[in-house]
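K.L.:
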Amino acid sequence: MNLDAAFLTALLLSTLRQTTPLLLTALGGMFSERSGVTNIALVSIRYRADQIISATALNLLALGAPSLVLTHFYGNATSSKEVANRLPLLLGLSPLVYLAFLLVPVAWWVLFKTPFGLRLRAVGEHPEAADTLGVSVYRMRYVGVVLSGVVVCLNEKYLSIGFLNQFVRGMSAGMGFIALAAMIFGNWHPLGILLSTLLFGFASALAIQLQGTEILPAVLVQAFPYVVTVLVLAGFIGRSRP
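Below you can see the structure in the form of structure tokens.
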């Protein structure tokens, strides 16, 4: 295998690996967003708290909570003990990578081809009309948030077990915000989310492959995925509707 073929193969595999956490997170967020709320069920649905403020508070809590838990159980504030990866690799990729891409057509079918998906979209787009037709807005939104949590938890399993083989504080490295951007750029649609996460995953993979080269300064290489996110969304937010 020549150098160019080896580089392209490594870039392809890295793109799939980097796309997987973004895809799982964006698909998970899509279910709750389609129901009309963020994935904060008790606070935003039951007590109707401001979703931006409550999400900010939970993000701040998430910054410190892992250190407290890790210190209590492992005596280390930064990481857990490394565990053996029991998931076999298929063509050099974790099975969770294939599962993530398989979830795209499944999510599309659930949202657009089932009565459940119709009700979920209805409570997000026109909750009053859905309530008039006898659809429980509260219940559907709770279900949407639970589905969101289940799919996003697959991402956490991928990062901690299928990718790093341990939990490391800060291992998401801002991927949640990139996934949020991918969800918006994909117009809250499974196929659009797939394409947008592939774009951002490719940007992250390219940055990884360029590290250690003299093509670009190291700082620019590390910032490349985030710069791509900003450029793609510039002028896009506000014009997109689910």
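Quick note on numbering: the sequence shown equals residues -2 to 239 in this note's numbering.
Think of the CB as a built atom: it goes at the ideal place given N, C-alpha and C, for glycine as much as any other residue.
Nothing here was measured: the structure is a model prediction, and the numbers come from that model.
1) What residue from 63, 123 and 17 has the CA that sits closest to residue 190's CA?
2) Output the distance between the C-alpha atoms of residue 245 and residue 5, rounded to the nearest integer angstrom.
3) Please state whether DSSP places residue 191 in a helix, a strand or coil.
4) For residue 90, which residues does DSSP report across the bridge?
5) Could you have a look at residue 45 and say whether DSSP puts it in helix, strand or coil?
6) So what does DSSP say about residue 206, is it helix, strand or coil?
7) For the candidate residues 226, 116 and 199, whose alpha-carbon lies nearest to that of residue 130?
8) I need the DSSP call for residue 53, collapsed to helix, strand or coil.
9) How do the segment 181 to 188 and the segment 99 to 113 stand: do at least 3 beta-carbon pairs fall below 8 angstroms, yes or no?
10) Which full runs of the beta strand (DSSP E) of 3+ residues lie inside the segment 124 to 151, going along the chain?
11) Quick check: the Cα distance between residue 48 and residue 1, rounded to an integer number of angstroms?
12) Between which two residues does the alpha helix (DSSP H) carrying residue 117 extend?
13) Just the C-alpha distance for residue 137 and residue 32, rounded to the nearest angstrom, thanks.
14) Would you call residue 50 buried or exposed, if buried means 16 or more other Cβ atoms sit within 10 Å of its Cβ?
15) Checking 8 angstroms against the spacing of the C-beta atoms, do residue 15 and residue 179 come in under that value?
16) Would you kindly work out how many angstroms separate the C-alpha atoms of residue 176 and residue 140, rounded to a whole number?
P.N.:
By the coordinates alone:
1) Position 193 of the sequence shown holds residue 190. For residue 190, the nearest C-alpha among the options comes from 17.
2) The requested residue 245 does not occur in the structure, where the chain is confined to residues -2 to 239.
3) Within the sequence shown, numbered from 1, the residue matching residue 191 stands at position 194. Correct three-state label for residue 191: helix.
4) Residue 90 sits at position 93 when you count from the first residue of the sequence shown. Per DSSP, 87.
5) Residue mapping note: residue 45 aligns to position 48 of the sequence shown, counting from 1. Correct three-state label for residue 45: coil.
6) The residue labelled residue 206 in the question sits at position 209 within the sequence shown. Note: residue 206 maps to helix in three-state DSSP.
7) Against the sequence shown, residue 130 aligns to sequence position 133. Nearest option by C-alpha distance: 116.
8) One-based indexing of the sequence shown puts residue 53 at position 56. In the structure shown, residue 53 sits in a helix (DSSP, three-state: H, G or I).
9) yes
10) none
11) As a position in the sequence shown, residue 48 is number 51, starting the count at 1. As a position in the sequence shown, residue 1 is number 4, starting the count at 1. Straight-line Cα distance between these residues: approximately 48 angstroms.
12) The residue given as residue 117 occupies position 120 in the sequence shown. Here the alpha helix (DSSP H) through residue 117 covers 112 to 122.
13) On the sequence shown, residue 137 is found 140 positions in, with the first residue counted as 1. On the sequence shown, residue 32 is found 35 positions in, with the first residue counted as 1. Their Cα atoms are separated by approximately 7 angstroms.
14) What you label residue 50 is simply residue 53 of the sequence shown in a count that begins at 1. Counting Cβ neighbours within 10 Å, residue 50 comes out exposed, since fewer than 16 surround it.
15) Along the sequence shown, one-based indexing puts residue 15 at 18. Along the sequence shown, one-based indexing puts residue 179 at 182. Result no, Cβ atoms of residue 15 and residue 179 do not sit closer than 8 angstroms.
16) Here residue 176 corresponds to residue number 179 of the sequence shown, with the count starting at 1. Here residue 140 corresponds to residue number 143 of the sequence shown, with the count starting at 1. Using only the alpha carbons, I get a separation of about 21 angstroms.
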